[in-house]
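Worksheet: one structure, shown below.
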Ligand SMILES: Cc1cc2nc3c(=O)[nH]c(=O)nc-3n(C[C@H](O)[C@H](O)[C@H](O)COP(=O)(O)OP(=O)(O)OC[C@H]3O[C@@H](n4cnc5c(N)ncnc54)[C@H](O)[C@@H]3O)c2cc1C
């Protein structure tokens, strides 16, 4: 009955292809991502080489249809891949999530045939990395308050404005940019554009120093009389806000997966450490206080993973999934925070030092409660859906 995600009575199980993807990405992440994650974090170095290797495995075009050079896989496969990548490096996890779900997906969903033919193969091959430029200095949770403008002049839109906090900002080659085309129409006056970083008037602004996900590079983007060909309008004029919200619904599945990956890593590290660390003549794993923390972490992680896969499954079968994606992101991000706090506690003083991976996980987890809609915004989405 269910094509992608086999459910028999109360059992939830991945199908054979999804299990194969999980095994492949897990092995790749252990071999190629884990050994360099701490160094990339310390140097705030973008994972360029890893992304090239991921492109060869099809991981930069997971959801892109095969006719455009992608792997043509379902959202569940995408979710599994982002979790496994984030388990070893949350920075690489968010870069690939933004590339797939915030850049490729809106082109797949709203692009013209020409736009798909032009941009999707480039994204699938990883020739250019994708970004999503919605947030502005005065428009974060309230994205509809954006001030960047786009004015049609002849066969080009002229875009002026500043975007901020853009993941992959300094590295991206293809960026989905949102701007106001009709000031009087409020949110219905916002339009979406496919922008290339070599368009005239495109500039990368300041790069932020951050608490965590240091290798993901977050920057301002500045548009000064930027010239965008008319044919790069995504959807119709005025569709931009709808495109942004529906794209973020899917993006939240990716961030929920990132959070599950971070939480799982915190559990992995805590189990290993608690079996090795001896106090009072025995491994600390023998103490009930430690066992309870491990049990609570594992339980929340399992629940987060099911919520996340459920949202992905709903997306795959064409049902509404905005509420489920918001629930998954809310719960998984809070779980990630809870697990890293407990993880550092289990590691004691050592967990507070850069000698142990749990310190990086502690710093990386917080952002999952903030971007692609804060936890407060997720609650607004969930309540809005229930009280409609
Ligand atoms: C590392 C990083 C990467 C990012 N990547 C991207 C990206 O690639 N593309 C992009 O477009 N953006 C990106 N963002 C921006 C991110 O999505 C925003 O930071 C986020 O949506 C919150 O907006 P804000 O920071 O302006 O906070 P604000 O909207 O100013 O919120 C401040 C506080 O007020 C609360 N709040 C606001 N409104 C309400 C309300 N109505 N009810 C209750 N509480 C409310 C918020 O929950 C929060 O706690 C990124 C941010 C960071 C830090």
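Numbering (this note's numbering), first residue to last: 1255 to 1642. Just so you know, even glycine gets a beta-carbon here, dropped at the ideal spot from N, CA and C. None of the values given here were measured: they were computed from a predicted structure.
Checklist entry - Tell me which same chain residues have a C-beta within less than 7 Å of the C-beta of residue 1494, skipping the five on either side of it? => result 1432, 1444, 1445, 1446
Item to check | Extent of the continuous beta strand (DSSP E) to which residue 1499 belongs | outcome: Per DSSP, residue 1499 belongs to no beta strand (DSSP E); it is in the alpha helix (DSSP H), 1494-1530.
Item to check | Three-state class that DSSP yields for residue 1483 in the structure shown | outcome: strand
Checklist entry - Beta-carbon separation of residue 1483 and residue 1410 under 8 Å? => result yes
Next on the checklist: Here's a check: name, in chain order, each residue in its chain whose Cβ is nearer than 6 Å to the Cβ of residue 1457, leaving out the five neighbours to either side.
Outcome noted: 1476
Item to check | Secondary structure of residue 1421, DSSP reduced to three states | outcome: strand
Item to check | Distance, residue 1640 Cα to residue 1195 Cα | outcome: Because the chain is modelled from 1255 through 1642, residue 1195 falls outside the range shown and cannot be assessed.
Checklist entry - Under three-state DSSP, which class holds residue 1342? => result helix
Item to check | Supposed close pair residue 1383, residue 1426 - CB separation, criterion 8 Å | outcome: 5 Å
Checklist entry - Touching or not, the segment 1489-1505 and the segment 1575-1582, by the rule of three or more beta carbon pairs under 8 Å? => result yes
Checklist entry - How about residue 1325 and residue 1316: do their beta carbons lie closer than 8 Å? => result yes
Checklist entry - Can you tell me the Cα-Cα spacing of residue 1473 and residue 1419, whole angstroms? => result 5 Å
Next on the checklist: Please tell me whether residue 1350 and residue 1339 are closer than 8 Å, where the distance is taken between their beta carbons.
Outcome noted: yes
Checklist entry - How should residue 1642 be labelled, buried or exposed, when 16 other C-beta atoms within 10 angstroms of its C-beta is the threshold for buried? => result exposed
Next on the checklist: Excluding the 5 residues flanking residue 1424 on each side, which residues of the same chain have their C-beta closer than 6 Å to its C-beta?
Outcome noted: 1458, 1461, 1471, 1473
Checklist entry - How is residue 1354 classed by DSSP in three states: helix, strand or coil? => result helix
Next on the checklist: Buried or exposed for residue 1535, going by 16 or more other Cβ atoms inside 10 Å?
Outcome noted: exposed
Item to check | Euclidean distance between Cα positions of residue 1628 and residue 1499 | outcome: 14 Å
Next on the checklist: Alpha carbons only, please: which of 1490, 1590, 1537, 1407 is nearest the one belonging to residue 1620?
Outcome noted: 1590
Checklist entry - So what's residue 1472 in DSSP terms, helix, strand or just coil? => result strand
Next on the checklist: Using the Cβ count rule (16 or more neighbours within 10 Å means buried), how would you classify residue 1518?
Outcome noted: buried
Next on the checklist: Using a 10 Å radius around the Cβ and a threshold of 16 neighbouring Cβ atoms, would you call residue 1571 buried or exposed?
Outcome noted: exposed
Checklist entry - Distance, Cα to Cα, residue 1405 vs residue 1301? => result 36 Å
Item to check | Of the residues 1387, 1513, 1540, 1319, the one placed nearest residue 1586, counting alpha carbons only | outcome: 1513
Next on the checklist: Quick check: is any heavy atom of ligand 1 less than 7 Å from the C-beta of residue 1472?
Outcome noted: yes
Checklist entry - Can residue 1597 and residue 1605 be called in contact, C-beta distance under 8 Å? => result yes
Next on the checklist: Are there any heavy atoms of ligand 1 lying less than 7 Å away from the beta-carbon of residue 1596, as far as the coordinates show?
Outcome noted: no
Item to check | Cβ-based burial, residue 1266 [other Cβ within 10 Å; buried from 16] | outcome: exposed
Checklist entry - Looking only at its own chain, which residues have a Cβ that is under 6 Å from the Cβ of residue 1345, when we skip the five neighbours before and after it? => result 1467, 1469, 1470
Checklist entry - Is it the case that the CB of residue 1628 approaches a heavy atom of ligand 1 more closely than 7 Å? => result yes
Checklist entry - Is it the case that the Cβ atoms of residue 1593 and residue 1636 are separated by a distance below 8 Å? => result no
Item to check | Whole-Å CB distance - residue 1337 paired with residue 1515, under 8 Å assumed | outcome: 4 Å
Item to check | ligand 1 heavy atom lying under 7 Å from the CB of residue 1303 | outcome: no
Next on the checklist: Please tell me whether, using a cut-off of 7 Å, the distance from the CB of residue 1300 to the nearest non-hydrogen atom of ligand 1 is below it.
Outcome noted: no
Next on the checklist: For a test of your reading of the model: does the CB of residue 1464 fall under 7 Å from any non-hydrogen atom of ligand 1? Yes or no.
Outcome noted: yes
Next on the checklist: Whole angstroms are fine: how far does the CA of residue 1285 sit from the CA of residue 1292?
Outcome noted: 14 Å
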